[in-house]
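Numbering (the working numbering), first residue to last: 83 to 309.
Here is the structure we will look at.
Structure, rendered in structure tokens:
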């Protein structure tokens, strides 16, 4: 596939989680051109290779159908084996060690260190009293979006947040999990951690479907020549 991009797993984890000194001031730029595709691509890889399901990332805008109101990042349509499909209205947050208040998690961190980090991040990002994400930047995922007409009507609409950061309420080695939520429309919200999944892989590299990023790289190569 023309949109496949080979990604160095350890270097990507090191860049976003360890915050190397020479990477300072470059994280936001890289996230701007690759972040959403990276999150979507890793989630797609997980669902296809671990859950053995079919994934279709749609190109339609994720809106309520009105001119005003919240917008999300991706429609991700999943057809589970032997089950009905799920259409995920998805918000992607590439918050990492580079973000304001971010803390480092080293590539060689122990399982206990990763567990503690995941719980810490959960407590930072989840409001246990409201039983909801603690910022509107994430809680907007609970506003029902208008499903594209091409999606099978039998598919269940679910909210999904893709975080870069390792996160889990109990620190478990679960990269993809759901949690009960207080919402008029949804009974649960799904979470996926990009860093958590990448840390579980033994490979040196991973091939990801990153259509927008590959087009941007192509434009950069056309516009700029490095001597």
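Using N, Cα and C, we set each Cβ at its ideal position, and we do this for glycine too.
Computed from a predicted structure; not experimentally measured.
Problem set entry | When 87, 144, 101 and 234 are compared against residue 222, the one with the closest alpha-carbon | As a first step, residue 222 must be located in the chain shown, where it is residue number 140. If we check each option's Cα against that of residue 222, 144 comes out closest.
For this session: Return yes when the Cβ of residue 174 is within less than 8 Å of the Cβ of residue 159, no when it is not.
Result: Within the chain shown, numbered from 1, the residue matching residue 159 stands at position 77. Within the chain shown, numbered from 1, the residue matching residue 174 stands at position 92. Taking 8 Å as the Cβ cut-off, residue 159 and residue 174 do not qualify as a contacting pair.
Exercise. Relative to the C-alpha of residue 207, which residue among 225, 189, 183 and 228 is closest?
Worked result: Translated into the one-based positions of the chain shown, residue 207 becomes position 125. Here the closest residue by C-alpha is 183.
For this session: Along the beta strand (DSSP E) that carries residue 241, what are the first and last residues, could you check?
Result: Numbered from its first residue, the chain shown carries residue 241 at position 159. It spans 238 to 245 - the beta strand (DSSP E) in which residue 241 sits, taken as one unbroken run.
Problem set entry | Member of 225, 161 and 247 whose CA lies at the smallest distance from the CA of residue 266 | On the chain shown, position 184 is the one that residue 266 refers to. Out of 225, 161 and 247, 225 has the C-alpha closest to the C-alpha of residue 266.
For this session: Could you pull out every unbroken beta strand (DSSP E) segment of at least 3 residues lying fully inside the segment 165 to 253, listed in chain order?
Result: 167 to 175 and 238 to 245
Exercise. Cα separation between residue 269 and residue 188?
Worked result: Along the chain shown, one-based indexing puts residue 269 at 187. Along the chain shown, one-based indexing puts residue 188 at 106. Taking the straight line joining both Cα atoms gives about 35 Å.
For this session: Tell me whether residue 136 is buried or exposed, calling it buried when 16 or more other Cβ atoms sit within 10 Å of its Cβ.
Result: Looking up residue 136 in the chain shown gives position 54. Exposed, by the Cβ-count rule.
Exercise. What are the partner residues of residue 289, as DSSP defines its beta bridges?
Worked result: Counting from 1 along the chain shown, the entry for residue 289 is found at position 207. DSSP, once it has assigned bridges, lists 88 as partnering residue 289.
Problem set entry | residue 272, DSSP secondary structure in three states | For this step, residue 272 is matched to residue 190 along the chain shown. Here residue 272 sits in strand by DSSP.
Exercise. In three-state terms, what does DSSP make of residue 261?
Worked result: Position 179 of the chain shown, counted from the start, is the residue given in the question as residue 261. The answer is strand: DSSP assigns residue 261 an E or B state.
Exercise. How big is the Cα-Cα spacing for residue 236 and residue 168?
Worked result: On the chain shown, position 154 is the one that residue 236 refers to. On the chain shown, position 86 is the one that residue 168 refers to. Residue 236 and residue 168: Cα-Cα distance of roughly 9 Å.
Problem set entry | residue 131, DSSP secondary structure in three states | Residue 131 sits at position 49 when you count from the first residue of the chain shown. Here residue 131 sits in helix by DSSP.
Problem set entry | Inter-residue CB distance, residue 247 and residue 277 (contact presumed, cutoff 8 Å) | Numbered from 1 along the chain shown, position 165 holds the residue referred to as residue 247. Numbered from 1 along the chain shown, position 195 holds the residue referred to as residue 277. Right, their Cβ atoms sit about 6 Å apart.
Problem set entry | C-alpha distance - residue 180 paired with residue 147, whole-angstrom precision | The residue labelled residue 180 in the question sits at position 98 within the chain shown. The residue labelled residue 147 in the question sits at position 65 within the chain shown. Approximately 34 Å between the Cα atoms of the pair.
Exercise. Is there at least one non-hydrogen atom of the ligand SAH closer than 7 Å to the beta-carbon of residue 247?
Worked result: In the structure on display, the ligand SAH does not appear, and there are no ligands present to speak of.
Exercise. To which residues does DSSP link residue 146 through a beta bridge?
Worked result: Taking the first residue of the chain shown as position 1, residue 146 is located at position 64. None, per the DSSP bridge assignment.
Problem set entry | Nearest neighbour of residue 263, chosen from 257, 271 and 256 [CA to CA] | Your numbering for residue 263 matches position 181 in the chain shown. Ranking the options by Cα distance to residue 263, first place goes to 271.
Exercise. In this structure, does DSSP put residue 267 in helix, strand or coil?
Worked result: Taking the chain shown and counting its residues from 1, the one referred to as residue 267 is at position 185. Looking at residue 267 - three-state DSSP - the assignment turns out to be coil, as it is neither helix nor strand.
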